[in-house]
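Below you'll find the structure, written out as structure tokens, and then a few comments.
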Amino acid sequence: MRAKTTLMRLINDEASPQYQNIAEARKHLSESVIDGIKRLHWKDFELLVDLIFRASGWRRLSMLGETMKFADLELEDPITHDKYQVQIKSRANLADFETYSNQFHGRGFRKLYFVVHSPTEELAGIQPSPSNVELILGERLAAMTVELGLVDWLMQHIK
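If you use the working numbering, the sequence shown corresponds to residues 53 to 211, in order.
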């Protein structure tokens, strides 16, 4: 009987109850992670973003915490050798994003990532457009934190 039920579920493209439970728990975890990220000190938030990119296989070219005129991090994809800049903000509005977007002219960098955990509603509501500037907000940041195994690190820094 169980095999028949499983077969019918697969034919009908329905998720198993176990899958649904895990998906729901992951959703709640991501929501909690967003709240946890917002509690980080700004230096720890910068470090978390650095850890996310490095856990994705990218190399940091700049010194973390180094004062740079335009970006907080400079990174390199070790396979393509493309270079990227990252601007990290705890809070930002649409004007902040547009200022950085308009000032980014590449200068040897393929893309600018603008990372914000607490954007204004106006910034959170903009539609992504094909551009060399990419916006990463709380929900995506939380998903990356979970997917890359950084939840324990986050918990240690907000305890």
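Beta carbons: idealized from backbone N, C-alpha and C, even for Gly. Note that the structure is a prediction, hence the values are computed from the model and not measured.
What's the call for residue i, buried or exposed, on a 16-neighbour Cβ count within 10 Å?
| i | result |
| --- | --- |
| Tyr71 | exposed |
| Leu113 | exposed |
| Ala144 | buried |
| Lys211 | exposed |
| Glu173 | exposed |
| Lys141 | buried |
| Pro180 | exposed |
I'd like the list of long-range same chain contacts for residue i, defined as Cβ closer than 7 Å, with 5 residues on each side in sequence excluded.
| i | result |
| --- | --- |
| Asp129 | Trp110 |
Apart from the five residues just before and just after residue i, which ones in its own chain have a Cβ nearer than 6 Å to its Cβ?
| i | result |
| --- | --- |
| Ser153 | Val185 |
| Gly190 | Ile86 and His169 |
| Gln137 | Ala123, Glu126, Phe161 and Leu164 |
Go through its chain and collect everything with a Cβ distance to residue i's Cβ below 8 Å, but skip five positions before and after it.
| i | result |
| --- | --- |
| Gln139 | Phe122, Ala123, Asp124, Tyr152, Leu164, Tyr165, Phe166 and Val167 |
| Leu206 | Val85, Gly88, Ile89, Leu92, Leu100 and Thr197 |
| Ile104 | Leu193, Met196, Thr197, Leu200 and Leu202 |
Taking the continuous alpha helix (DSSP H) assigned at residue i, which residues delimit it?
| i | result |
| --- | --- |
| Ile178 | Careful: Ile178 lies outside any alpha helix (DSSP H) and carries neither H nor E. |
| Ala123 | Ala123 -> no alpha helix (DSSP H), and no H or E assigned at all. |
| Leu189 | Element bounds for Leu189: n/a, residue is neither H nor E. |
| Arg106 | Trp94 to Ala107 |
| His157 | Premise fails: His157 is in no alpha helix (DSSP H) and is neither H nor E. |
| Lys56 | Arg54 to Ile63 |
| Ile210 | Val203 to Ile210 |
Would you kindly report the start and end of the unbroken beta strand (DSSP E) that includes residue i?
| i | result |
| --- | --- |
| Lys135 | Lys135 to Ala144 |
| Met80 | The identity of residue 80 in the sequence shown is His, whereas the question assumes Met. His80 -> not in any beta strand (DSSP E); alpha helix (DSSP H) instead, spanning Pro69 to Arg91. |
| His169 | Lys163 to Pro171 |
Give the DSSP bridge partners of residue i, in chain order.
| i | result |
| --- | --- |
| Leu113 | In the DSSP output, where bridge partners are listed per residue, Leu113 has none listed. |
| Glu128 | Arg111 and Lys135 |
- Message: Below 8 Å, how does it come out for the segment 55–69 and the segment 183–203: are there three or more Cβ pairs, yes or no?
- Response: no
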